[in-house]
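Single-structure report; data block below.
Numbering (the numbering used here), first residue to last: 8 to 299.
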């Protein structure tokens, strides 16, 4: 009786899991939360590989793929090259390395979401197959409302998981991106010898989203700015060390983020998926007892 309904529900939900896994992550660095297209980082990286002296000397306009703050940094370097002829290729090489790090971390973030959805999809599939077998082959009758509730409960779990995942990502990484951007700009501006007033204006430290775990980075940037202002010293080693410290903080945040994902996933699977599975199981047992 319920075989067509279950087969169609099973198929639709599996397609939904596949679609959700393929969706790009929300770009939480934007206040508008636009969807960030996959592949922009790799595309920008390939463009940087082809960026050389001959291409810059040609005078042609260079259009780079927009990706986070990396393209904005590159725009600053290109302007500096056009205005002063500064040697920017070492800086471009550093940006390329950091871009690769970012791409790797984004893959880890996407992989964590994908693996979690895959586990939920497997439990959903087991529940659906078990129900199909019980209702079609064992001929156990179960109320359609109960099935709708059970699988709807699992769908609600997926929605809440994705929502909570986005909130966790925002909590950990939205403030950090501002600090990383400021530190990267400071490093570039120190190496290209920009005036301190331009550096301070571009960094806009007062507008950073505060994060207590990153306060030491802001303090260090302020110290470097004060050193440039009072002593006129542009220490490129300090800029490089600050950038390295930022990426170290990123790795620490990733580790904490993945630990929270594990706890969130365990909660959702236990409450929504295993709970739904047990509800179906005991509903079938109750229907079997009534049949006898």
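Quick reminder that beta carbons are idealized off the backbone N, C-alpha and C, glycines included.
Please read all numbers here as calculations on a predicted model, not as lab measurements.
Under the three-state DSSP convention, the category residue i falls into
i           : result
residue 201 : coil
residue 117 : helix
residue 281 : helix
residue 12  : Note that residue 12 has pLDDT 47, beneath the 50 cutoff, so the model's placement of it is unreliable and no number is given.
residue 241 : coil
residue 153 : helix
residue 215 : coil
residue 46  : coil
residue 231 : helix
residue 291 : helix
residue 148 : coil
residue 106 : helix
With 16 other Cβ atoms within 10 Å as the buried cut-off, status of residue i
i           : result
residue 255 : exposed
residue 166 : exposed
residue 42  : Low per-residue confidence applies at residue 42: pLDDT is 42, beneath 50, and the placement is therefore not dependable, though the value from the model is reported in the following sentence. Exposed: under 16 other Cβ atoms inside 10 Å.
residue 279 : buried
residue 188 : buried
residue 164 : buried
residue 120 : buried
Nearest-angstrom Cβ-Cβ length linking residue i and residue j, presumed shorter than 8 Å
i           : j           : result
residue 261 : residue 112 : 6 Å
residue 205 : residue 232 : Not quite, the Cβ-Cβ distance comes to about 11 Å (not below 8 Å), so this is no contact.
residue 127 : residue 276 : 6 Å
Same chain only: Cβ atoms within 7 Å of residue i, ignoring 5 sequence neighbours per side
i           : result
residue 156 : none
residue 80  : 102, 191, 192 and 195
residue 221 : 182, 183, 186 and 256
residue 247 : 194
residue 274 : none
Cut-off 8 Å between Cβ atoms - residues of its own chain near residue i, not counting five sequence neighbours on either side
i           : result
residue 88  : 63 and 95
residue 153 : 286, 287 and 290
residue 263 : 179
residue 39  : Its pLDDT being 33, under 50, residue 39 is placed unreliably in this model, and the coordinates cannot settle the point.
residue 202 : none
Sequence-distant residues of its chain with Cβ nearer than 6 Å to residue i (five each side left out)
i           : result
residue 52  : 106
residue 240 : 234
residue 272 : 123
**OP:** Let me know the alpha helix (DSSP H) ranges lying completely inside the segment 51 to 97, each 4 residues or longer, listed in chain order.
**Re:** 60 to 64 and 77 to 91
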